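Chains as they are written, first to last, in the numbering used here: chain A, 13 to 159; chain B, 5 to 576; chain C, 18 to 272; chain D, 362 to 480. Beta carbons: idealized from backbone N, C-alpha and C, even for Gly. Values in this document were obtained by computation on a predicted structure and should not be read as measured data. Reading through the C-alpha cells given below for one structure.
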Amino acid sequence: MAGAAHPEAMAPPKKGPTRTAPPRMPESWWGAQRIRTYLLFGATGIVYFVAGTVVLKLAWALGTGPEAWDRALGNLSHPLYLIFHALTLVSLIFVGLRAFGTMMPKMQPRNGPLPVLAAGTVKGLFLSVWVALTVLLGLVLAGKIFP
Amino acid sequence: MVQVSRHDIVIVGGGGAGLRAAIAAAEANPDLSVALVSKVYPMRSHTVSAEGGAAAIARDDDSLELHGFDTVKGSDFLGDQDVIEYFVEHAPRELALLENWGCPWSRNDDGTVATRAFGGMSTKRTWYATDKVGFHMLHSLFQQSMRYDNIVRYDEYFVSKLLVEDGACQGVAALEIRTGEFHAILGRSVILATGGAGKIFPFTTNGTIKTGDGMALAYRAGVALKDMEFVQYHPTGLPGTGILITEAARGEGGFLRNNKDERFLVEYDYGVGDKAELGPRDMVSRAIIKEFEAGRGFENRYGSYCVVDLRHLGEEHINAKLPFVRELAKTYMGVDPVHEYIPIRPVVHYMMGGVDTDINAATDLPGLYAAGEVACGSLNGANRLGSNSLTECLVFGAVAARSALDFARGASDGDSARLVAQVEEEAARVNALRGNGKGNEHVSALRTEMNSTMEAGCGVYRHQDTMQVAADETRNIRQRVADLHLKDTSKVFNTELISALELQNMVELAEVLALGAVHRKESRGAHTCRDYPTRDDQNYLYHTLAHRTEDGPRLGRKEVNLGHWEPQERKY
Amino acid sequence: MAESNKRMRVEILRFDPDKDEVPRSQEYEIPVQEDWKVLDAINYIKDEVDPTVSHRWSCRMAVCGSCGMMVNGEPKLTCKTSLSDYEGSIKIEPLANFPIVRDLVVDMDGFMDKFRKVKPWIVRAKERAEDMENLSEKGTYSQSPAELATFKQFSMCINCLLCYAACPVIANEPDFIGPAAIALGHRYNLDSRDEGDRGRNEIFRGEGTVFSCSFANECSEVCPKNVDPAAAVNQAKLAAVVDWAKGLILPREGA
Amino acid sequence: MKHLLLKLEPIIWLLFGAGLSVGTMLLTGFVIVVGLAIPMGLVDPSALAYPRAHALASSGLGRLVVLGLIALPLWKGAHHIRSLSVDFHGGDRDGAVGGLLYLAAAICSVMGIIAVAQL
Ligand SMILES: Cc1cc2nc3c(=O)[nH]c(=O)nc-3n(C[C@H](O)[C@H](O)[C@H](O)COP(=O)(O)OP(=O)(O)OC[C@H]3O[C@@H](n4cnc5c(N)ncnc54)[C@H](O)[C@@H]3O)c2cc1C
Ligand code: SF4
Ligand code: F3S
Ligand code: FES
Numbered sequence: 013m014a015g016a017a018h019p020e021a022m023a024p025p026k027k028g029p030t031r032t033a034p035p036r037m038p039e040s041w042w043g044a045q046r047i048r049t050y051l052l053f054g055a056t057g058i059v060y061f062v063a064g065t066v067v068l069k070l071a072w073a074l075g076t077g078p079e080a081w082d083r084a085l086g087n088l089s090h091p092l093y094l095i096f097h098a099l100t101l102v103s104l105i106f107v108g109l110r111a112f113g114t115m116m117p118k119m120q121p122r123n124g125p126l127p128v129l130a131a132g133t134v135k136g137l138f139l140s141v142w143v144a145l146t147v148l149l150g151l152v153l154a155g156k157i158f159p
Numbered sequence: 005m006v007q008v009s010r011h012d013i014v015i016v017g018g019g020g021a022g023l024r025a026a027i028a029a030a031e032a033n034p035d036l037s038v039a040l041v042s043k044v045y046p047m048r049s050h051t052v053s054a055e056g057g058a059a060a061i062a063r064d065d066d067s068l069e070l071h072g073f074d075t076v077k078g079s080d081f082l083g084d085q086d087v088i089e090y091f092v093e094h095a096p097r098e099l100a101l102l103e104n105w106g107c108p109w110s111r112n113d114d115g116t117v118a119t120r121a122f123g124g125m126s127t128k129r130t131w132y133a134t135d136k137v138g139f140h141m142l143h144s145l146f147q148q149s150m151r152y153d154n155i156v157r158y159d160e161y162f163v164s165k166l167l168v169e170d171g172a173c174q175g176v177a178a179l180e181i182r183t184g185e186f187h188a189i190l191g192r193s194v195i196l197a198t199g200g201a202g203k204i205f206p207f208t209t210n211g212t213i214k215t216g217d218g219m220a221l222a223y224r225a226g227v228a229l230k231d232m233e234f235v236q237y238h239p240t241g242l243p244g245t246g247i248l249i250t251e252a253a254r255g256e257g258g259f260l261r262n263n264k265d266e267r268f269l270v271e272y273d274y275g276v277g278d279k280a281e282l283g284p285r286d287m288v289s290r291a292i293i294k295e296f297e298a299g300r301g302f303e304n305r306y307g308s309y310c311v312v313d314l315r316h317l318g319e320e321h322i323n324a325k326l327p328f329v330r331e332l333a334k335t336y337m338g339v340d341p342v343h344e345y346i347p348i349r350p351v352v353h354y355m356m357g358g359v360d361t362d363i364n365a366a367t368d369l370p371g372l373y374a375a376g377e378v379a380c381g382s383l384n385g386a387n388r389l390g391s392n393s394l395t396e397c398l399v400f401g402a403v404a405a406r407s408a409l410d411f412a413r414g415a416s417d418g419d420s421a422r423l424v425a426q427v428e429e430e431a432a433r434v435n436a437l438r439g440n441g442k443g444n445e446h447v448s449a450l451r452t453e454m455n456s457t458m459e460a461g462c463g464v465y466r467h468q469d470t471m472q473v474a475a476d477e478t479r480n481i482r483q484r485v486a487d488l489h490l491k492d493t494s495k496v497f498n499t500e501l502i503s504a505l506e507l508q509n510m511v512e513l514a515e516v517l518a519l520g521a522v523h524r525k526e527s528r529g530a531h532t533c534r535d536y537p538t539r540d541d542q543n544y545l546y547h548t549l550a551h552r553t554e555d556g557p558r559l560g561r562k563e564v565n566l567g568h569w570e571p572q573e574r575k576y
Numbered sequence: 018m019a020e021s022n023k024r025m026r027v028e029i030l031r032f033d034p035d036k037d038e039v040p041r042s043q044e045y046e047i048p049v050q051e052d053w054k055v056l057d058a059i060n061y062i063k064d065e066v067d068p069t070v071s072h073r074w075s076c077r078m079a080v081c082g083s084c085g086m087m088v089n090g091e092p093k094l095t096c097k098t099s100l101s102d103y104e105g106s107i108k109i110e111p112l113a114n115f116p117i118v119r120d121l122v123v124d125m126d127g128f129m130d131k132f133r134k135v136k137p138w139i140v141r142a143k144e145r146a147e148d149m150e151n152l153s154e155k156g157t158y159s160q161s162p163a164e165l166a167t168f169k170q171f172s173m174c175i176n177c178l179l180c181y182a183a184c185p186v187i188a189n190e191p192d193f194i195g196p197a198a199i200a201l202g203h204r205y206n207l208d209s210r211d212e213g214d215r216g217r218n219e220i221f222r223g224e225g226t227v228f229s230c231s232f233a234n235e236c237s238e239v240c241p242k243n244v245d246p247a248a249a250v251n252q253a254k255l256a257a258v259v260d261w262a263k264g265l266i267l268p269r270e271g272a
Numbered sequence: 362m363k364h365l366l367l368k369l370e371p372i373i374w375l376l377f378g379a380g381l382s383v384g385t386m387l388l389t390g391f392v393i394v395v396g397l398a399i400p401m402g403l404v405d406p407s408a409l410a411y412p413r414a415h416a417l418a419s420s421g422l423g424r425l426v427v428l429g430l431i432a433l434p435l436w437k438g439a440h441h442i443r444s445l446s447v448d449f450h451g452g453d454r455d456g457a458v459g460g461l462l463y464l465a466a467a468i469c470s471v472m473g474i475i476a477v478a479q480l
C-alpha cells in the first residue's frame, strides 16, 4: 500500500471500541494503469481552463478592433501556443472518448420519459454528433461554408 | 467486566427467521426494545445463499390442500399436520409482505409475481427472484429492518450461552468478537434463529457459519433436540466445494445424466417422462448414489459425480432464469452450462431436525422460542421440500415474535445480579479457553475428524454398523473437545476462539445425530438404511427427542400430529 | 485427491492491536492446489500453519460479501479469485480505505451508517392498510418486468465494500456516502413501488453529497457482481439535479 | 465555504457537465482550425479576417457559440482541477480550493459575457 488515506475515510463517527490501524490507500491508486488514466482525465481540467481563457482573450480582441484581432490571431503562431493547442486537441479527444464512450451511456436515466438505449447506441449517437459538430464548425471557421 | 443491557425481546440470529421476527416485534409496538444479536453482520447470514425460491400458493390452479398434502407427503408423513396447515395458510401473506418491502420478485408480463416448478411440488408455486432468492429476501428484510429505531443490533456478537433463571430463559451471554468482552444481553424472552448445522459434514452447501450454535445452546439449556437424524442431501452440489446448483436448474427443465449420457432418473419409478427430474431431494440423491455404485458416474479427484445438462434450455433462458447458476459453474467449475455439463454430487444441505418447538414456535423452556432452520416445528418431517424453508423462516419468524411478545408482556425482569453472575462464569470459561496452550487437540484436526466420521456413518445411505461406529466416535470426539489447544491469545477478533466454540457446539450435535440415526431402524425420508429399507409406521411414526445428560444424549419420543392426511406409501 | 506439488509464497498483513503498534507483514510458504481460490490459501494457513490469522468469510460462493481483501493491491473477493491468476507470490492485505481492526478484518461501522442514511426501504405516502387500492387481492403491488429491469442491476450488491476500497475519492472525502450505498438508495428511487425519491435526493445533495464522485469508475471496475455502482451514482447525480431544478420552479407542498 | 459549495453543487455540476459534453464538442473544431490549421498555414488565414470573423461572431448564434467556447471549458476545468486536488489528499482544503477555482471561472465567465456583448 502506498501512503495513508484520509484518517477518517470510512471511519465510524465515534471512536471504535478497539484501537484500529488507520486506513490506507491502495497501491493501485497511482500504480495501476486505470487510476493513472483517471487522474490524467482529471488533469485535462487544467488544459480546458487555459483553453477557455485563450478563447476569452481572442473574443476580447475581436471586440476591441481589427488591429487587436490581427495581433491576437498572429500570436497563435507562436510555438508555445502551437504546442498548447496540440495538447488541447489530444485532451479533447481523450475526454471526448471517455465522456461520450463510457460515461454518457451509464448516465442515461432509467425511469425518465425517454427509452433506455443500449450502451453502444448512446455511444454512437454522441460520437457522431461530436464529429458532425466538429466538421461543421471547422468548415465554417475555415471559410469553406458561409463565406 | 461484563456489560449489561436490557431489552424486551432478544433475538439470536440475523438470517431470514431472525430478521422477520425482529421486524414483527418492532412493528407490533414501537416502544418495545428488540435486540438482534448475530455473529456476523445480518446480510452475511447464510439465508443469503439460497437460490431457488420460496413456496406459497399464488396461482388459481393451486390450493392450500395441495400445498399441504405435498408437504406432508414430502415429509414422509413425519411432519406435524397442524403446523403444516398453519404454514401453507400463512405463507402467501408473508411472501406478499416481502413484496411490499421491496423484494425484487421475478414477474409475469401482467405485473403479477411469477412462480416456478420445484421438486415434490405438484404445481408451480415457488416464488423466485431469478436464482438469488435468499439473497434478495435477506437483503430486503435487512433493509426493511433498518426502518425501526427500536431494533438494536449487536453485529458480530457470538452468543455462547442462554441465561436461565427461575425456570425461564431471560437473556443470553454474548462475546463481542471485536473486543473479546462478554455482554449480558437480557430480555424477557429470547428467540433463537441461528440456522442450521451443515458444517458437521465435510461436503455441504452450507457456509462456514452454519455450525448449529442455537441447537447446542438450547440443548445445553435442557431443551430437547428433535429428529436430528434427518439430514437432507441436496442432489446437485458441485464436487469439492459443495456449492449448490439450485433445484431450479431442474425445475426450469434441466436433465441429470450419467456417464452413459442417459437421463437415468427416467428409470426410477417416480415421475414420468418430462417430470422425471422433479422428484424430491432424498429420492434423487439416492438415485445418483445408485448410479455411482453401478459404475455409471464420472470420476475426478473429488470422487464420483453425475452431471446436470442445461444445454437444451438455450443461452437466453439460462440468462433470464438461472444467471447465478451460470456464474457459479463458470467461476467454481470452469464450465459454461450453455455449452457444457455441470458436474454435481449429493451434498449435505439442510437439517430437518432442530430445537423442539410447537406450533407457536415455543420450546419447553418458558421464554425461549425458536424459528427457522434451527427449529423443528415440525414442518419438514423426514424430508423438507425445496423452497418451503425460506417461507418457513418468515411464517414462523413472525409466529415466534408474536409468542415471545405475549410471554414478555406477562414476565417480569429477572434478577440482574444472578444473570450477570452467570455471564461472568461463562466469560471465565471462555477466557480460559482463549489461547489455552495446555490442551492436546487442535481445532481444525478435530473438525476434520468429526467431518469424516459423519460422512462415513451418516451419509445418503446408512447402515447399522457404520452408524454405530459414528455414534461411538462422535462420543469420543465430544469428550476430547474439552482439551483444545489454542494459540491465539489476542482478545480482538479472535477467530480461532470462535471456531473452537463452534466446534464445541457441533460435536454435541454430531453425537445426537448419530445416536438418533442408529436407533431409527427404518427408512423414512432422508434417513435411508440399507438394512431396514422400508418405512415402519408401526414402530417409528414418532419424533425422536434427545435430552442432554453428562453421559451423552438421552433419547425419547414425541407423537406426530396427524390430521386428515393418512399415511400412505410415498410415490411420485 | 491428486496432490500438486506447487508451492507459493503468501504475504499477509498482520495487525493485532494488543501487540502491534503498526501493521506488519508476515510471509508463509505453503503448498497450493490448482483449483484453489485465494481464500483457500488463507484458510489453509489458518488451519495448518498459523491459527492466529484473522479474516472474515462464510459462503465461499461469492454471495455473502464478507471476504473482500486487497490481493496484490487490488480489491478482490477472495473466494472468487483464482490463486492460479497469480504467479509465485501473492500479497494479501485488508481492504484499503477502512480502519484495520485486526489482520485482514476491517471496521465497517462507518459503512453501515452510510448504508442506513440512504433510507434503503420502500417509502410509501400511505401506510399499507390505507394503500389497499394499489395492492392486488393477493396483497402485492403490480410491477412489470420492464419496471423491474430498471433497478434490478442495482439490487445485486452484496455489500462486499470492494468499491469503497477502490474509489479514489472516498480516501480523501470521509463524508462521501460512496458507491454501494448510493447505488442502494438509487435502486429504491428507481423502484416503481417506491415514493421516497424526494427525500433521498435531498440526502444525495446534502452532506456526503453524490457530487463528490468524480466518475473515476473504479468502483464498477472492481465490483464482483456487475452492479455498476458508477452508473448508479452518476444517474443519481442527474436525478438529484433534476429534482433540485424542479424544486426551484415548482413550489413544493409541505416543504 | 464548504457549506456554500454544497448548496451550489447542482449548478456547478450542471456547468461542469455542459463543459464536458458541449464544451468538448465545440472546442474540438475550434482548436483544430483556429489553434492549429490557421497558424500552421494549412488554411488560408483570410478566412478569419476581421470582417468575416466579426460578422460570424456577432450573429446571435455566433455570440452564443463564443460564450460557450469561453465559459464551458472554464467550468469543466475548474471542477476537474478541484477533484484532482481532492485526489491528492486535498479533502481538507477542498472548500478553499474549490471556492477559488469557481471564483476564477465565474470571473472569467463574466468577462466572457462582457466580451461577447462588446462584439
Ligand atoms: C445453498 C443453499 C440454498 C438454499 N436454497 C433454498 C431455497 O431455494 N429455498 C428454500 O426454501 N430454502 C433454501 N435453503 C434453505 C434456507 O436458506 C435456510 O433454511 C434458511 O435460510 C435458514 O435461515 P435462518 O434464518 O434459519 O438461518 P441463517 O440464515 O443461517 O441465519 C443464522 C443467523 O444466526 C446467527 N448466529 C448463528 N449462530 C450464532 C451465535 N452463536 N451467536 C450469534 N448469532 C448466531 C448468524 O449470524 C446468522 O445471522 C437453502 C440453503 C442453502 C445452504
Ligand atoms: S457495488 Fe459491487 S463492489 Fe460495491 S459493495 Fe456492492 S457488490 Fe461490492
Ligand atoms: S470509484 Fe468513486 S469517484 Fe465515483 S464513479 Fe465510483 S464512486
Ligand atoms: S465468502 Fe462469501 S463472498 Fe466470499
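>> Comparing C-alpha positions only, which one of C/Pro34, C/Val55, C/Val66 and C/Ile47 sits nearest to B/Lys491?
In response: Locating residue 491 of chain B in the second sequence gives position 487, where the first residue counts as 1. It is C/Val66.
> According to DSSP, which residues form a beta bridge with B/His238?
Replying inline: Residue numbering aside, residue 238 of chain B sits at position 234 when the second sequence is read from its first letter. Looking at the DSSP assignment, B/His238 forms a beta bridge with B/Val351.
> Any idea which residues DSSP pairs C/Glu110 with across the strands?
Replying inline: Stepping through the third sequence from its first residue, residue 110 of chain C is reached at position 93. DSSP lists C/Met87 as partners of C/Glu110.
>> At the 8 Å Cβ level, is A/Leu145 part of the contact set with chain D, yes or no?
In response: Walking along the first sequence from the start, residue 145 of chain A turns up at place 133. So yes, A/Leu145 belongs to the interface.
>> Can you pull out the residues from the region 50-64 of chain A whose beta carbon lies closer than 7 Å to at least one beta carbon of chain D?
In response: Leu51, Gly54, Ala55, Thr56, Gly57, Ile58, Tyr60, Phe61, Ala63 and Gly64
>> Using 8 Å as the threshold, is the C-beta distance between B/Phe91 and B/Leu383 below it?
In response: Numbered from its first residue, the second sequence carries residue 91 of chain B at position 87. Numbered from its first residue, the second sequence carries residue 383 of chain B at position 379. In this structure, B/Leu383 lies closer than 8 Å to B/Phe91 by Cβ.
> Is B/Glu55 near ligand 1, in the sense that its beta carbon is under 7 Å from a heavy atom of that ligand?
Replying inline: The residue you call residue 55 of chain B lines up with position 51 of the second sequence. Yes, Cβ of B/Glu55 sits closer than 7 Å to a heavy atom of ligand 1.
> If B/Leu326 sits next to B/Ala253, beta carbons under 8 Å apart, how far is it from one beta carbon to the other, in whole angstroms?
Replying inline: Here the question's residue 326 of chain B lines up with position 322 in the second sequence. Here the question's residue 253 of chain B lines up with position 249 in the second sequence. Correct: roughly 6 Å between the Cβ atoms.
>> Here's the rule: buried if 16 or more other CB atoms are within 10 angstroms of the residue's CB, otherwise exposed. What is D/Ser444?
In response: Residue mapping note: residue 444 of chain D aligns to position 83 of the fourth sequence, counting from 1. The residue in question, D/Ser444, is buried, as its Cβ has 16 or more Cβ neighbours within 10 Å.
> Which residues bound the beta strand (DSSP E) around B/Ser193?
Replying inline: Counting from 1 along the second sequence, the entry for residue 193 of chain B is found at position 189. Ser193 to Leu196 is the span of the beta strand (DSSP E), which, as asked, contains B/Ser193.
> Beta-carbon separation of B/Ile2 and B/Ala405 under 8 Å?
Replying inline: Residue 2 of chain B is absent from the structure shown; chain B starts at 5 and stops at 576.
> Measuring from the CB of C/Pro246, is there a heavy atom of ligand 3 at a distance below 7 Å?
Replying inline: Counted from its first residue, the third sequence places residue 246 of chain C at position 229. Yes, the beta carbon of C/Pro246 sits closer than 7 Å to at least one heavy atom of ligand 3.
>> Using the three-state DSSP reduction, which class does B/Lys230 fall into: helix, strand or coil?
In response: Looking up residue 230 of chain B in the second sequence gives position 226. Residue state, collapsed to three classes: strand.
> Cβ of C/Trp74 within 7 Å of any heavy atom in ligand 4?
Replying inline: Here the question's residue 74 of chain C lines up with position 57 in the third sequence. Checking every heavy atom of ligand 4 against the Cβ of C/Trp74, one is found closer than 7 Å.
> By Cβ distance below 7 Å, which residues in the same chain neighbour B/Met471 in space, the five residues on each side in sequence not counted?
Replying inline: In the second sequence, residue 471 of chain B corresponds to position 467, counting from 1. The residues are Gly461, Cys462, Ala518, Ala521 and Val522.
>> To the nearest angstrom, how far is the alpha carbon of B/Pro571 from that of B/Gly283?
In response: Counting from 1 along the second sequence, the entry for residue 571 of chain B is found at position 567. Counting from 1 along the second sequence, the entry for residue 283 of chain B is found at position 279. Distance between the alpha carbons of B/Pro571 and B/Gly283: 19 Å.
> What are the residues of the region 119-140 of chain A that lie near chain D, defined by any Cβ-Cβ distance shorter than 8 Å?
Replying inline: Phe138
> Excluding sequence positions up to five away, which residues of its chain have a Cβ less than 8 Å from the Cβ of C/Met18?
Replying inline: Position 1 of the third sequence, counting from 1, holds the residue named residue 18 of chain C. Confidence in C/Met18 is poor, its pLDDT being 44 and thus under 50, which makes the residue's placement unreliable; the coordinate value appears in the next sentence. So the list is empty, once near-sequence residues are dropped.
>> So C/Leu178 and C/Gly90 are supposed to be a Cβ contact under 8 Å. How far apart are they, rounded?
In response: Locating residue 178 of chain C in the third sequence gives position 161, where the first residue counts as 1. Locating residue 90 of chain C in the third sequence gives position 73, where the first residue counts as 1. In fact, because the Cβ distance is near 16 Å, the residues do not count as touching under 8 Å.
> For B/Tyr90, which three-state DSSP category applies?
Replying inline: Position 86 of the second sequence, counting from 1, holds the residue named residue 90 of chain B. In this structure, B/Tyr90 counts as helix in the three-state DSSP scheme.
> CB of C/Val123 to nearest heavy atom of ligand 2: below 7 Å?
Replying inline: Here residue 123 of chain C corresponds to residue number 106 of the third sequence, with the count starting at 1. No; taking the cut-off as 7 Å, the Cβ of C/Val123 has no heavy atom of ligand 2 nearer than that.
>> So, at 6 Å on beta carbons, what are the nonlocal neighbours of A/Pro19 in its own chain, with the 5 sequence-adjacent residues on each side left out?
In response: Here residue 19 of chain A is taken as the residue at index 7 of the first sequence, counted from 1. Counting only Cβ-Cβ distances below 6 Å, and skipping sequence neighbours, we find Pro34.
>> As a quick check of your reading: which residues have a C-beta less than 7 Å from at least one non-hydrogen atom of ligand 3, in chain order?
In response: C/Cys180, C/Ala183, C/Cys184, C/Pro185, C/Val186, C/Ile187, C/Gly195, C/Pro196, C/Cys230, C/Ser231, C/Phe232, C/Ala233, C/Asn234, C/Glu235, C/Cys236, C/Ser237, C/Pro246, C/Ala247, C/Val250 and C/Asn251
>> Under DSSP, the beta strand (DSSP E) around B/Leu559 begins and ends at which residues?
In response: Position 555 of the second sequence, counted from the start, is the residue given in the question as residue 559 of chain B. Unbroken beta strand (DSSP E) run through B/Leu559: Gly556 to Glu563.
>> Does the structure place the region 490-507 of chain B close enough to the region 55-70 of chain C that three or more beta carbon pairs sit under 8 Å?
In response: yes
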